[in-house]
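Colleague:
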Amino acid sequence: MPMNSMNLPPDKARLLRQYDNEKKWELICDQERFQVKNPPHTYIQKVRGYLDPAVTRKTLRRRVQESTQVLRELEISLRTNHIGWVREFLNEENKGLDVLVEYLSFAQWFGSGTLKIPRFSTMFHEFTVCRSNNVPNRRTLKNSRLVSKKDDVHVCIMCLRAIMNYQYGFNMVMSHPHAVNEIALSLNNKNPRTKALVLELLAAVCLVRGGHEIILSAFDNFKEACGESQRFEKLMEYFKNEDNNIDFMVACMQFINIVVHSVEDMNFRVHLQYDFTKLCLDEYLEKLKHTESDKLQVQIQAYLDNVFDVGSLLEDAEMKNAALERVEELEETISHVRRTSNPSCCQHWPCGHDPSMGEFLTKGHWDELISKCIPNLIEQFCNCHLYVLLRLYRSLHPLLALFYQPTTPVPPCPWIPIPYPSLSLSSLPVPNGPLETSAPPAPPPPPPPPPPPPPPGSAMEVSAPLPPPPPPGAPPLPGCGSPTVIFNSGLSVKIKKPIKTKFRMPVFNWVALKPNQINGTVFNEIDDERILEDLNVEEFEEMFKTKAQGSAVDVISTKQRVSQKASNKVTLLDANRAKNLAITLRKVGKTPEEICKAIQMFDLQTLPVDFVECLMRFIPTEKEVKVLRQYEKERKPLESLTEEDRFMMHFSKIERLMQKMTIMAFMANFCESVQMLTPQIHAIIAASVSIKSSQKLKKILEIILALGNYMNSGKRGAVYGFKLQSLDLLLETKSTDRKQTLLHYIANIVKEKYPSVSLFYNELNYVEKAAAVSLENVLLDVKELQRGMDLSRREYSIHGHNVLLKDFIALNEGRLKQLQDDAKVAQDAFEDAVKFYGESSKTTPPSVFFPVFVRFIKSYKVPETDNEQRRRQEQMLMERLLEQEAMMQEENQKVGRFSNRST
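One point on numbering: in my numbering, the residue at position 524 of the sequence shown is 1950, and numbering is uninterrupted.
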């Protein structure tokens, strides 16, 4: 229960639950130290007093001395008090946000000399000043000069930040017509801390939905108010001039990042980027690239990483189009070669019997084809995008495999086969000039198909001589163990082969030198490959391998198998979506047909609820359905699709898929939802009824009202009732000797005069449980259950033969009706209780109403214990005094008797 009163966000609440009991108790004790000092209207009245234009300059000067302190106390209260206090501060009666925004506008009138237009909003009509226009009178302007000299602008911004820490307050600031504008105008403050805080708040607003437009509107207003020639001009001016304040520069760079790069529309993003380019941001970032601040460097790098270079994009687009045209030309060439040659004959040409085939595929034809294809492949490697290369490689791969397949044992032939021509890349022309040495050997092509079986009646001669293998490639140059690359500078660098490890190793994030940067350095004289020969690399791998790895695997063979498997399948889904779907399907271990059948039958025994909820994220989109239907329309084989695509093909054919998945999730969670909601509803009912019907609590309030009227009658007059939040102030009203509070006195009066009332809190049942309930959320959950049941009924009316759906409706319809009746009773009981104590259920939800009584009960028990302890101490003191008095009387009697004897 104390955790609910802390108003923690869900992530912090989960973290708190993980602590041990001792740590939880320390946090709860720390929370209890924050007691409400003043009600919200106290602060609001004081702040309004500073805004009153009727106040004389002499009076205002005296008040301004305490204005900053009042605002600091208000900020602490907004940050540390319970959510009910903040809601009361912001409600329609107090209008705390309006007052703060108005005071912020008032406080920065003359904090900066850059404002062209007076900009008070609409609030001075509340202070009996006729406002036919927006120009304040002379006295108001003089007063604002006094306020602007203080640090009130910074503290006002801190108050607004405390309000925005709550979702309720954040929404109010977003919807306020002037709040964000006034926050943006606070950038004119001279304090860099204030400007950094302002930028943090504006960045937070910019990240929420609809916030980006509000921020741009605020800076348009800033431009008009400050006379800027261009939006963000002052912001960039401050950014350049405040180079000695790193925190402000980091906040400024972070804000620019968010404003420019949080936009989905790429054209608009380029437009915003150009706004800052015109303000010379790019040149200034170039000067800051050697900054010593890591935080600033991170923000600068983030901006540069996300910058759109329109010229480069245009050049890439043109290169892409040219590359695609070239690919089409090559595909036409390959298609022509395939049409003019018989692939099956070419594959077995070394042992063929047709002399014409041998005459056709001569070495000259081979050289001509290779000289056409390979240089183009190298050219595309140098100039094109990766996906164009892949497409080109897929087109050329069959041709390369056709010409360079190794020979296999075949039946003996009556003629000697012509050997394959050798191929050296060093002899091929390259766009940037020929390489000096041969390139590394290409990976071996896939194995050829097995030879055809011998015809019936013939036997294979095992002892027959096999045809000779093709000649080996050209040997490396003398003195070179591995290939090298020669740069334009003449530096020869040995190409290092990738190391094949048995295990996956962690990444060592160093900053590497480029090969052309090592000339003249120590790295040009060392050989790391020789070091690896001396080390026990197996031990090194075992020590530093990443976690969750099994036994060592052959990475190369695994990749080849995966690539071969993947290349044989067609995927129609997005890659990430298909990957996530595959993970989800592996969890349940069912075939697509079994899953779809279970969905049709609403079978939660076959499909667990977790799987159903995960599967709802993969309901096919309209675009995916269109692609799948087009694939079917073209009558392509389903076996060519990946498992995920085949599942999606079956999944998308289920009628009313969304409704059925929703019903399954509803059926699976119904019992749990009812079990969760029922205790909350009963707690609201029991707490509301007990609070309204408690005669002892009524007597306590009667005593408080009597004493309060007695104290205030001389100054304010008698009242007929009070707000429940006044109960929090009983501990703050202290006696003359400061030894006890008003609540101590009340507890003492109850104990002496009304002992039957002293245990009034025993009549208040389930108040603590009700304090943790959000009635609004409970009612919404009940409505959701009703919608789910209605959807189930409609589905059953369409398919009345489904037994599982019929049994579910018959079993749970009555339970839902009972839950709805209880929820209505809880709502009525709570509204009656709130109205009974002079509050409104619209502004006082259970999370605000019941905690008042919880805090009062806890507060009442403390004085009760203190009074009891004081009584014991007084009784012990009295007994001690009586004993001393008796001893003194006894001594006096002894002295008297002795004196009588002596006489």
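For every residue, glycine included, the Cβ atom is placed at its ideal position computed from N, Cα and C.
1) How long is the line joining the alpha carbons of Val1686 and His1602, rounded to whole angstroms?
2) Residues in the same chain with beta-carbon distance under 8 Å from Leu2064, minus the five sequence neighbours each way, listed in chain order, please.
3) State the Cα-Cα distance for the pair His2225 and Lys2023, rounded to the nearest angstrom.
4) What three-state label does DSSP hand Thr1494 in the structure shown?
5) Under 8 Å: do the region 2144 to 2163 and the region 2207 to 2214 share three or more Cβ pairs, one atom per stretch?
6) If contact is defined by three or more beta carbon pairs under 8 Å, each pair taking one atom from either stretch, is the region 2091 to 2105 in contact with the region 2237 to 2245?
7) Do you know offhand how far Glu2290's Cα is from Ser2114's?
8) For Leu1613 and Lys1621, which I take to be in contact (beta-carbon distance under 8 Å), what is that distance rounded to the nearest angstrom?
9) Find the nearest neighbour of Lys2062 within the set Thr1997, Cys2040 and Arg1619, judged by alpha-carbon distance.
10) DSSP three-state call for Lys2195: helix, strand or coil?
11) Anyone know if the C-beta pair for Lys2177 and Asn2293 falls short of 8 Å?
12) The alpha helix (DSSP H) that contains Pro1466, what's its start and end?
13) In whole angstroms, what is the alpha-carbon distance linking Asn2006 and Leu1999?
14) Excluding the 5 residues flanking Val1496 on each side, which residues of the same chain have their C-beta closer than 8 Å to its C-beta?
15) Does the structure place the region 2112 to 2126 close enough to the region 2178 to 2196 that three or more beta carbon pairs sit under 8 Å?
16) Tell whether a beta-carbon distance below 8 Å holds between Met2027 and Asn2228.
17) Return yes when the Cβ of Arg1657 is within less than 8 Å of the Cβ of Asp1691, no when it is not.
18) Report the partner residues of Val1996 according to the DSSP bridge assignment.
19) Sorted by chain position, which residues of the same chain lie with C-beta nearer than 8 Å to Asp2248's C-beta, five sequence neighbours on each side aside?
20) Just the C-alpha distance for Lys1616 and Arg1440, rounded to the nearest angstrom, thanks.
21) Please name the residue or residues paired with Thr2167 in a DSSP beta bridge.
22) Can you give, in chain order, each stretch of the alpha helix (DSSP H) that sits fully within the region 2228 to 2303 and has at least 4 residues?
23) By how many angstroms is the C-alpha of Val2204 removed from the C-alpha of Arg2082?
24) Using only the alpha-carbon positions, how far apart do Asn2002 and Lys2059 sit?
25) Need the endpoints of the alpha helix (DSSP H) that Gly1636 sits in, please.
26) Taking a contact to mean a Cβ-Cβ separation below 8 Å, would you say Cys1582 touches Leu1526 in this structure?
27) How many angstroms separate the CA atom of Asp2233 from the CA atom of Leu2206?
28) If you compare alpha carbons, which of Ile2235, Glu1668 and Ile1609 is closest to Ile1640?
29) Under three-state DSSP, which class holds Lys1721?
30) Skipping 5 residues on each side, what residues in its chain have a beta carbon closer than 8 Å to that of Pro2271?
31) Can you look up Met1745 in the DSSP assignment and give me helix, strand or coil?
32) For Phe2275, which residues of its own chain have a beta-carbon under 7 Å away from its beta-carbon, when the five flanking residues on both sides are left out?
33) Alpha carbon to alpha carbon, how far is Leu1530 from Ser2161?
34) My understanding is that Ser1493 touches Asp1578, with C-beta atoms under 8 Å, so please give their C-beta distance in whole angstroms.
35) Going straight from the alpha carbon of Met2042 to that of Leu1722, what length do you get?
Modeller: With the given structure in hand:
1) Stepping through the sequence shown from its first residue, residue 1686 is reached at position 260. Stepping through the sequence shown from its first residue, residue 1602 is reached at position 176. Computed Cα separation, rounded: 24 Å.
2) The count along the sequence shown starts at 1 and reaches residue 2064 at position 638. Cβ within range, chain order: Arg2072 and Met2075.
3) Taking the first residue of the sequence shown as 1, we reach residue 2225 at position 799. Taking the first residue of the sequence shown as 1, we reach residue 2023 at position 597. Their Cα atoms are separated by approximately 15 Å.
4) As a first step, residue 1494 must be located in the sequence shown, where it is residue number 68. The answer is helix: DSSP assigns Thr1494 an H, G or I state.
5) No, they do not touch.
6) Yes: at least three Cβ pairs fall under 8 Å.
7) If you number the sequence shown from 1, residue 2290 lands on position 864. If you number the sequence shown from 1, residue 2114 lands on position 688. Looking at the two C-alpha atoms, the distance is approximately 25 Å.
8) Numbered from 1 along the sequence shown, position 187 holds the residue referred to as residue 1613. Numbered from 1 along the sequence shown, position 195 holds the residue referred to as residue 1621. Between Lys1621 and Leu1613 the Cβ distance is about 5 Å, and since that is below 8 Å, they are a contact.
9) Counting from one through the sequence shown, the residue named residue 2062 turns up at place 636. The residue from Thr1997, Cys2040 and Arg1619 with its alpha-carbon nearest to that of Lys2062 is Thr1997.
10) Sequence index remark: in the sequence shown, residue 2195 carries index 769 (1-based). Lys2195: helix per DSSP, three-state reduction.
11) Numbered from its first residue, the sequence shown carries residue 2177 at position 751. Numbered from its first residue, the sequence shown carries residue 2293 at position 867. Yes. Within cutoff.
12) Residue 1466 sits at position 40 when you count from the first residue of the sequence shown. Counting along the chain, the unbroken alpha helix (DSSP H) around Pro1466 starts and ends at Pro1466 to Leu1477.
13) Working through the sequence shown from its first residue, we reach residue 2006 at position 580. Working through the sequence shown from its first residue, we reach residue 1999 at position 573. Cα-Cα distance, rounded: 11 Å.
14) Numbered from its first residue, the sequence shown carries residue 1496 at position 70. Once the five neighbours on either side are set aside, the close Cβ partners of Val1496 are Tyr1469, Lys1472 and Val1473.
15) With the cut-off at 8 Å, the region 2178 to 2196 and the region 2112 to 2126 touch.
16) What you label residue 2027 is simply residue 601 of the sequence shown in a count that begins at 1. What you label residue 2228 is simply residue 802 of the sequence shown in a count that begins at 1. With contacts defined by Cβ atoms closer than 8 Å, Met2027 and Asn2228 form a contacting pair.
17) Counted from its first residue, the sequence shown places residue 1691 at position 265. Counted from its first residue, the sequence shown places residue 1657 at position 231. In this structure, Asp1691 sits away from Arg1657, with a CB-CB distance that is not shorter than 8 Å.
18) Along the sequence shown, one-based indexing puts residue 1996 at 570. Bridge partners of Val1996 according to DSSP: Leu2067.
19) Taking the first residue of the sequence shown as 1, we reach residue 2248 at position 822. So the qualifying residues of the chain are Thr2104, Ile2107, His2108 and Ile2111.
20) Against the sequence shown, residue 1616 aligns to sequence position 190. Against the sequence shown, residue 1440 aligns to sequence position 14. The alpha-carbon atoms of Lys1616 and Arg1440 are separated by roughly 41 Å.
21) The residue given as residue 2167 occupies position 741 in the sequence shown. Beta-bridge annotation (DSSP): Thr2167 is paired with Lys2160.
22) 2229 to 2262, all fully within the region 2228 to 2303.
23) Stepping through the sequence shown from its first residue, residue 2082 is reached at position 656. Stepping through the sequence shown from its first residue, residue 2204 is reached at position 778. Rounded to whole angstroms, Arg2082 to Val2204 spans 29 Å at the Cα level.
24) On the sequence shown, position 576 is the one that residue 2002 refers to. On the sequence shown, position 633 is the one that residue 2059 refers to. Looking at the two C-alpha atoms, the distance is approximately 26 Å.
25) On the sequence shown, residue 1636 is found 210 positions in, with the first residue counted as 1. Looking at the DSSP string, Gly1636 is not in any alpha helix (DSSP H), and its letter there is neither H nor E.
26) Against the sequence shown, residue 1582 aligns to sequence position 156. Against the sequence shown, residue 1526 aligns to sequence position 100. Against a cut-off of 8 Å, the Cβ pair of Leu1526 and Cys1582 comes out as a contact.
27) Here residue 2233 refers to the residue found at position 807 when the sequence shown is read from its first residue. Here residue 2206 refers to the residue found at position 780 when the sequence shown is read from its first residue. Rounded to whole angstroms, the gap between the alpha carbons of Asp2233 and Leu2206 is 26 Å.
28) Position 214 of the sequence shown, counting from 1, holds the residue named residue 1640. Checking every option, the nearest Cα to that of Ile1640 belongs to Ile1609.
29) Counting from 1 along the sequence shown, the entry for residue 1721 is found at position 295. Lys1721 falls in the helix class under three-state DSSP.
30) Working through the sequence shown from its first residue, we reach residue 2271 at position 845. Excluding residues within five positions, the ones whose Cβ falls inside 8 Å are Ser2200, Leu2201 and Glu2202.
31) What you label residue 1745 is simply residue 319 of the sequence shown in a count that begins at 1. In the structure shown, Met1745 sits in a helix (DSSP, three-state: H, G or I).
32) As a working note, residue 2275 is residue 849 in the sequence shown. Excluding sequence positions up to five before and after Phe2275, its CB lies within less than 7 Å of the CB of Val2260 and Glu2265, all in the same chain and listed in chain order.
33) Here residue 1530 corresponds to residue number 104 of the sequence shown, with the count starting at 1. Here residue 2161 corresponds to residue number 735 of the sequence shown, with the count starting at 1. Their Cα atoms are separated by approximately 38 Å.
34) Counting from 1 along the sequence shown, the entry for residue 1493 is found at position 67. Counting from 1 along the sequence shown, the entry for residue 1578 is found at position 152. Yes, they are in contact, since the Cβ atoms of Ser1493 and Asp1578 sit about 6 Å apart, within 8 Å.
35) In the sequence shown, residue 2042 corresponds to position 616, counting from 1. In the sequence shown, residue 1722 corresponds to position 296, counting from 1. Cα to Cα, the separation comes out at about 42 Å.
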